[in-house]
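Chains as they are written, first to last, in the working numbering: chain A, 1 to 423; chain B, 1 to 422.
One structure below.
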Amino acid sequence: MTTQTQTQIVPLEKNLRSRIAWGSVLIVAGLLVLFLFGLTSEAGQSTKFGLNPGSGSQAIVVPDLIVPAQPSIYALALVLVFMGAYHMARGVKSTGILIGVLAFCFVAAFLVWAARDKSFSLVGMLGSSLVRATPIALAALCGVISERAGVVNIAIEGIMLITAQVAVVAATVSHNLWFGLLIAILAGGLLAALHAFLVIRFKVDQIVSGVAINIIGTGVTSFVSSRFLEKNTNLLNNSGTFPSISIPLLAKIPILGPVLFENTPIVFLTMILVAVLHIVLFYTPWGLRTRAVGEHPKAADTLGVNVYLVRYVNVIIGGMIAGIGGSYFTIGSVGRFDEVMTAGKGFIGLAAMIFGKWTPIGAFTSSLIFGFADSLQVKLQILRVPIPSEFLLMAPYIVTMIVMTGIIGRAIAPAADGAPYEK
Amino acid sequence: MKDQKVKDTSPKPKENKSLAQEIAAGWQSLLLPLLAIFTGLLIGAIVIAVSDAKVVEAWAQFFQAPGAALAATWKAISTAYGALFGGALGSPKAIVEGFRTYVSTGESTDLLKAIYPLSESLTTSTPYIFAGLAVAVGFRCGLFNIGAEGQFFMGALGAAFVGYNMRGIPWFIHLPLALLGGAAAGAIWGAIPGYLKARFGAHEVVNTIMMNWIAFRLSDWLLNGPMKASGFRPVTPNIDQTAELPRFFADPLRLNWGFPLALLTAYLIYWLLFKTTIGFEIRTVGANPDAARYAGINIIKNFVLAMVISGALAGLSGSAQVLGVDHWVGQGFSAGYGFDSIAIALLGKSHPFGVVLAALLFGTLRSGATRMQSMAGIPIDIISIIQGLVIIFVAAPAIIRWLYRIKAISGEQTVLTRGWGK
């Protein structure tokens, strides 16, 4: 055996078994691609991937990507089988690469197959992935900032639901979307403060408190909806949405420009927040204190860090971020509030946080995967893929469950996550 | 072997002792939940008053006419809660009146009309008892099953499937089979997150929520496709009469055998949890998984088992609703049962008997709220707000103690949930 097991802790036999398992997964995936997509498409069919957004975009026009369907699928299947065999025989060091290859080849083959003889806007798909990832990313960032300080916040769903409603009502009444966003941020902070108060001051079980706030969130928003909003839609629940802004110059870059630099303010805000939180969390004294409080509050306390203060502040800032996420649902996308419109996005955000190993950048990247799964499902319905739409709609939830198993990159939570601190 | 001995002998005296303790501190363990409910209702009353345009107008003129403001507030609240409790319990006078007529003349129409609200409340409570038990069993094992809603839906679909698909078999086979079908569907839906938790440490809170959404999408598909009745609406066909849980009275009274079945199940769960080795293991894992592992208890098995029982109970809840009350399943069939059952389990302190009492309370509130919605125009969602508040107050007795100046007695604190992947 010429395996280079740098980590000698893993016994060779276990390593071998895992290699055979992963290798066969890849080979099976390759065969699936071959039989499901390759043999069902006909020779001469081709797939057109649109690389230009619709009219009104500043991006420089590039020619669309046209690939012959069947040969491409065969090639992708071959790559999968080859990777599987190679991993079995020689071993690839990082499972991340394997999963990357697996996911890319399978999804690419699927898209080529689904869009054969049709055209498929790749840029539109990537753009909508980013947009759909936004609320998930904001929920995940809210989770990161509070859990790094040791407070589990599963109230995100409820906070986003309430702030979604607050944002649209405030924006409609004041005729100012930015005012709506501001009020939503404040409301998010307040609700998170309630959660923090319950779990820090009264030591309520953090999950129970989160569930209670979620229930109240559903109750309050539905109550307000049926009591006020339904009768006065135009006065209270019709705000319009943030217009899309293009950043000069950057938006002209082909493919990347329209995806990244032609977006609504909330999407830009999310990307900025990711960078800011990353710097704050890992390069500032406050970030160090936050992480210390989340890992070992006693030690932090001994060194003079005010554990309670750090926890309060972080949870409240998290709530404000969730407030931005809530306003995405209304003033950021459709301009009106519907009951239970968050549809589990807060919880998906938590899964993204875990998958992203409790880091802002990781959380954002994994949100993109969920966003991709979400927008794929919409595109496939448009392409009339012969799979019932209800099953496609399940995709983000199933991806979440797979992520939660930790098969793909197991992560370790902050040590004091979820535990109340007593002096 | 040694463990076995301890298990066999110790539970009985220990349970009795804790029961005696509970009686000693009894009034407080009863008082705190009652005060939690009272405070929840009080804040609910404030929400009703504040959201009433007339009340707000009256308060704007508070300094000119303080009496009018108070009167308007009182009117709004009393109309709402009057309709709530009237709709839930009926009028005692009418019941006595009706009973008298029945005894003297044998004419039962008045009596049945008078006990209709009461029958509705018990009917509404039936699925709550099952669903509350489902969440309670999870809590006892340290698992937070938020997925009762999805399990309820799958259970209802399973029961309906058996109910309308098998024809021409006698009721004593058909009915148990339908219940079993529902329980099995719920159990599968609970087992998946249970297994993922046990095997991979995937947190059940997120996974059960995801299973809920998958259940909703799956039911959308089933109700529009394979399980759709002929016609335009996305509903299942009516179940066969042989699969129905028989009703006690003639229509429109819907009280059926599901209610006694729920009470019996509550007793069985009590027996399972507190009188058997299985229950002892589940509770030990819930109280302290590390200690349980040292004692040689199989944690994985108990996590899965608890979620299977929990899911089966939630499935039975859906079955009882479809076999006893509605006889068909439509979209949104499970709305609200998941969160309600959490509130019930918390309020009932995860004890089967407590769950029954809490379920009766919530069934009463829900059934009254329907009437409140039609009589006083208060959206039924007010009940969710009250429930959320009750959960907070039950989970944080310190708030109630602080509000009403009640001194704490040292008592056991049950750990309900744990952090991620532990």
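Ideal placement from N, C-alpha and C gives every residue a C-beta, glycine not left out.
Because the structure is a prediction, the values reported are computed rather than measured.
Which partner residues does residue i have in the DSSP bridge list?
| i | result |
| --- | --- |
| Val67/A | Thr47/A |
| Ser225/A | Ser225/A is not bridged to any residue. |
| Arg401/B | Arg401/B is not bridged to any residue. |
| Ile245/A | Asn263/A |
| Arg116/A | Thr47/A |
| Ser121/A | Gly50/A |
| Arg425/B | The first residue shown for chain B is 1 and the last is 422, placing residue 425/B beyond what the model contains. |
Residue i to residue j, Cα distance in whole Å?
| i | j | result |
| --- | --- | --- |
| Ser121/B | Val305/A | 54 Å |
| Arg17/A | Ile188/B | 30 Å |
| Ile200/A | Arg289/A | 17 Å |
| Lys407/B | His351/B | 24 Å |
| Thr432/A | Ile324/A | Residue 432/A is absent from the model: chain A starts at 1 and stops at 423. |
| Ala343/A | Ser367/A | 15 Å |
| Ala137/A | Ala352/A | 7 Å |
| Gly346/A | Ala184/A | 16 Å |
| Gly326/A | Arg167/B | 50 Å |
| Ile331/A | Asp64/A | 33 Å |
| Arg405/B | Pro397/B | 11 Å |
| Ile95/B | Phe223/A | 33 Å |
| Trp257/B | Val33/A | 53 Å |
| Ala266/B | Ala314/B | 13 Å |
| Ser225/A | Ile214/B | 26 Å |
| Leu177/A | Arg336/A | 12 Å |
| Ser72/A | Thr47/A | 10 Å |
| Glu339/A | Phe364/A | 27 Å |
| Gly287/A | Ile279/A | 8 Å |
| Met88/A | Arg19/A | 5 Å |
| Ser244/A | Pro234/B | 39 Å |
| Thr370/B | Phe362/B | 12 Å |
| Ile316/A | Glu147/A | 12 Å |
| Val6/B | Tyr164/B | With a pLDDT of only 39 at Val6/B, under 50, the local geometry of the prediction cannot be trusted, and the value read off the model is given with reservation. One C-alpha to the other measures close to 49 Å. |
| Pro258/A | Leu383/A | 22 Å |
| Ala185/B | Ala148/B | 12 Å |
| Ile169/B | Pro176/B | 12 Å |
| Arg116/A | Ala164/A | 39 Å |
| Met227/B | Val322/B | 15 Å |
| Arg254/B | Ser119/B | 7 Å |
| Val131/A | Phe268/A | 10 Å |
For the candidate residues the options, whose alpha-carbon lies nearest to that of residue i?
| i | options | result |
| --- | --- | --- |
| Phe250/A | Asn263/A, Phe242/A and Pro243/A | Before going further, note that residue 250/A is Leu rather than Phe in the sequence given. For the residues Asn263/A, Phe242/A and Pro243/A, the minimum Cα distance to Leu250/A belongs to Asn263/A. |
| Leu218/B | Pro265/A, Glu390/A and Thr40/A | Glu390/A |
| Leu443/A | Arg19/A, Gln45/A, Phe35/A and Val61/A | No information on residue 443/A is available, as it lies outside the stretch 1 to 423 that chain A covers here. |
| Glu204/B | Phe144/B, Thr370/B and Arg401/B | Phe144/B |
| Pro53/A | Gly38/A, Ala114/A and Leu122/A | Leu122/A |
| Met394/A | Ala80/B, Ala358/B, Trp221/B and Phe200/B | Trp221/B |
| Met320/A | Val144/A, Ser375/A and Lys379/A | Val144/A |
| Leu41/B | Val325/B, Gly150/B and Ala80/B | Ala80/B |
| Gly50/A | Thr40/A, Val67/A, Gly38/A and Glu42/A | Val67/A |
| Gly100/A | Ala29/A, Ile156/A, Lys203/A and Val131/A | Ala29/A |
| Gln70/A | Ala114/A, Phe104/A, Arg90/A and Leu102/A | Ala114/A |
| Ile344/B | Tyr308/A, Ala212/A and Asp301/A | Ala212/A |
Ignoring anything shorter than 4 residues or poking outside the segment 249-334 of chain B, list the alpha helix (DSSP H) runs there in chain order.
258-275, 277-287, 289-294 and 299-321
Which whole runs of the alpha helix (DSSP H) in the segment 371-410 of chain A are 4 residues long or more, in chain order?
389-405
Residues in the segment 318-347 of chain A with C-beta within 8 Å of chain B's C-beta atoms, listed in sequence order?
Ala343, Gly344 and Phe347
To be precise: take each residue of the segment 212-223 of chain A, compare its Cβ to all Cβ atoms of chain B, and keep it if any distance is under 9 Å. Which residues remain?
Ala212, Ile213, Asn214, Ile215, Ile216, Gly217, Thr218, Gly219, Val220, Thr221, Ser222 and Phe223
Using a Cβ-Cβ cut-off of less than 7 Å, list which residues of the segment 140-153 of chain B approach chain A; keep chain order.
Phe144 and Ile146
Taking only runs of the beta strand (DSSP E) that begin and end inside the segment 149-231 of chain B, which ones reach a length of at least 3 residues, in chain order?
none
Which residues, in order along the segment 387-406 of chain A, keep a beta-carbon less than 8 Å from a beta-carbon of chain B?
Pro388, Glu390, Phe391, Leu393, Met394, Tyr397, Ile398, Thr400, Met401, Met404, Thr405 and Gly406
Of all the residues that make up the segment 135-165 of chain A, which are near chain B by a beta-carbon distance shorter than 7 Å?
Val152 and Ile154
Against chain A, which members of the segment 29-61 of chain B pass a CB distance test of less than 8 Å?
Val47 and Ser51
Just to confirm the assignment: which complete alpha helix (DSSP H) runs, minimum length 4, are found wholly within the segment 268-343 of chain A?
285-295, 297-302 and 307-329
What are the residues in the segment 177-208 of chain A lying within 7 Å of chain B by C-beta distance?
Leu198, Phe202, Val204, Asp205, Ile207 and Val208
Positions along the segment 221-252 of chain A whose CB lies within less than 7 Å of some CB in chain B:
Ser222, Phe223, Ser226 and Arg227
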